[in-house]
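Sequential numbering from 32 applies to the sequence shown in my numbering. First the structure, in the form of structure tokens, and then the observations on it.
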Amino acid sequence: MPPAVPTASSWNHTESGNAEEIGNYMLDLGAGTGDFVSTDPSDRDAGWYRAAKGMDTFWNDPRFATYLAWSKKLAETVGRPTVMWQIPVGNWQQNNTDQHWQDNKVDYVFGNLDKVADAHVVGVFFGSGDTPQTTPETDGGYLFGRTQGYDKSGGAKLR
Numbered sequence: 032m033p034p035a036v037p038t039a040s041s042w043n044h045t046e047s048g049n050a051e052e053i054g055n056y057m058l059d060l061g062a063g064t065g066d067f068v069s070t071d072p073s074d075r076d077a078g079w080y081r082a083a084k085g086m087d088t089f090w091n092d093p094r095f096a097t098y099l100a101w102s103k104k105l106a107e108t109v110g111r112p113t114v115m116w117q118i119p120v121g122n123w124q125q126n127n128t129d130q131h132w133q134d135n136k137v138d139y140v141f142g143n144l145d146k147v148a149d150a151h152v153v154g155v156f157f158g159s160g161d162t163p164q165t166t167p168e169t170d171g172g173y174l175f176g177r178t179q180g181y182d183k184s185g186g187a188k189l190r
């Protein structure tokens with residue numbers, strides 16, 4: 032039986048975190064025998080976090096860079112690439128109601144795929160972490176359009 036895919040979370044993307052400590056802990060749990068380590072940048076759309084919790088979880092350049100640096104350090108510590116999963120689907124065209132929350136992580140990922148690849152990320156998986164969140168079915172076709180554009184561009188080389 033193949034090993035389970037370990038997941039590391041660094042939801043506090045405003046700080047660099049402790050990727051090396053988490054990576055070493057994951058190694059102790061056997062993460063070095065897997066094909067990759069999964070990370071989840073958030074479990075809910077940023078617009079939902081703002082409305083429900085008063086938190087600002089939108090990415091900006093420093094937050095995005097911090098997340099990628101954390102992910103890269105984690106990958107290098109474990110000796111395995113990472114995949115980003117459960118990336119919120121919201122976008123700026125949404126109106127911040129159930130299943131229509133704003134977020135900018137789709138734009139940051141697709142707009143910076145070379146940086147994502149440089150961080151040893153080999154896959155990105157979008158989806159909501161809870162029912163009220165934006166989904167590919169409720170985002171007005173935004174994620175699908177960005178995915179098609181990525182496909183037509185030829186993609187990014189793995190690093």
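Where is the CB? At the ideal position from N, CA and C, for every residue including glycine.
Beta bridge counterpart(s) of residue i as assigned by DSSP
i: Gly154; result: Val114
i: Ala148; result: According to DSSP, Ala148 bridges with nothing at all.
i: Ala39; result: Thr70
Inter-residue Cα distance where the pair is residue i and residue j
i: Gln133; j: Pro119; result: 9 Å
i: Thr169; j: Gly154; result: 23 Å
i: Asp59; j: Gly78; result: 37 Å
i: Met57; j: Glu107; result: 12 Å
i: Asp161; j: Leu189; result: 30 Å
i: Ser184; j: Gly171; result: 22 Å
i: Tyr80; j: Ser102; result: 22 Å
i: Ala96; j: Asp74; result: 19 Å
Beta-carbon proximity list for residue i, same chain, < 6 Å, skipping 5 on both sides
i: Gly180; result: none
i: Trp116; result: Ser69, Asp71 and Phe156
Cβ-Cβ separation, residue j to residue i (assumed contact under 8 Å), whole Å
i: Leu99; j: Val137; result: Not a contact, Cβ separation roughly 16 Å.
i: Ala50; j: Leu105; result: 4 Å
i: Gly63; j: Val109; result: 6 Å
Neighbourhood of residue i by C-beta distance below 8 Å, restricted to the same chain and skipping five residues each side
i: Val114; result: Phe67, Val68, Ser69, Thr70, Val152, Val153, Gly154, Val155 and Phe156
Spatial neighbours of residue i in its chain, beta-carbon cut-off 7 Å, leaving aside the 5 residues before and after
i: Gly142; result: none
Neighbour flag for residue i against chain C, beta carbons, 8 Å
i: Gly121; result: The structure shown contains no chain C; it holds only a single protein chain.
Practice problem: For the segment 78 to 112, list the alpha helix (DSSP H) runs that are entirely contained and at least 4 residues long, ordered along the chain. | Solution: 92 to 109
Practice problem: Give, in chain order, every unbroken run of the beta strand (DSSP E) that is at least 3 residues long and sits entirely within the segment 115 to 145. | Solution: none
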